[in-house]
Amino acid sequence: MLAVVYAFEKFRSYLIMNKSIFYTDHSALKYLFPKKDAKARLLRWILILQEFDFKVIDTKGAENYAADHLSRLENPYENVFDPKEINETFPLESLNKVAHQDSSTPWFADFANYHAGKFIIKGMTT
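Throughout the sequence shown, residue numbering follows UniProt numbering, covering 1 to 126 in sequence.
This is the structure we're talking about:
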């Protein structure tokens, strides 16, 4: 149920005005919406899902080939540790040399000027 709520929240902008059908082997979802005395968490999820126009279709676990196949896939990279080199140079290292010199301007003015106009002050390298 949480996966359904998450999917509807995640893709809300696409699903809000469209009819949706979701296939599940969780047959209890059909009977959840007419139920009046549910737990608070379930009621919260029901309120979220009431915004959408959808239909729940129960698919037996043995007939749900896609979910069955995906649940049995093996991850070939599960136990592989690929050490990567650490880049110790800061990409914007030249910005460290920009110093705030005038107290009448904000502290970030030199950074903004450098970024906007590529204004290079003395001591900086390109």
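Glycine is no exception: its CB is placed at the ideal position from the N, C-alpha and C atoms.
### Task
Kindly list the residues whose CB is nearer than 6 Å to the CB of K30, restricted to its own chain and excluding five residues on each side of it in sequence; keep chain order.
For the purposes of this step, residue 30 is identified with residue 30 of the sequence shown, where counting begins at 1. Excluding residues within five positions, the ones whose Cβ falls inside 6 Å are V56.
#### Entry: Stretch-stretch touch, CB-based, cutoff 8 Å, three pairs: the stretch 10 to 28 with the stretch 45 to 59
yes
### Message
Classify L81: buried if its beta carbon has 16 or more other beta carbons within 10 angstroms, exposed otherwise.
### Response
The residue labelled residue 81 in the question sits at position 81 within the sequence shown. Leu is not the amino acid found at residue 81; the sequence shown has Phe there. So F81 ends up on the exposed side.
### Message
Short of 8 Å in beta carbon distance, which residues of its chain neighbour I16, apart from the five on each side in sequence? Order them along the chain.
### Response
Taking the sequence shown and counting its residues from 1, one reaches residue 16 at position 16. Excluding positions up to five away in sequence, the list reads E51, F52.
### Task
For F33, count neighbouring Cβ atoms within 10 angstroms of its own Cβ and tell me buried if that reaches 16, exposed if not.
Here residue 33 is taken as the residue at index 33 of the sequence shown, counted from 1. Counting Cβ neighbours within 10 Å, F33 comes out exposed, since fewer than 16 surround it.
### Task
Go through its chain and collect everything with a Cβ distance to I46's Cβ below 8 Å, but skip five positions before and after it.
Within the sequence shown, residue 46 is the residue found at index 46, counting from 1. Around I46: L32, F33, A38.
### Message
Please report the distance separating the alpha-carbon of A3 from that of K10.
### Response
The count along the sequence shown starts at 1 and reaches residue 3 at position 3. The count along the sequence shown starts at 1 and reaches residue 10 at position 10. The straight-line gap from Cα to Cα measures roughly 10 Å.
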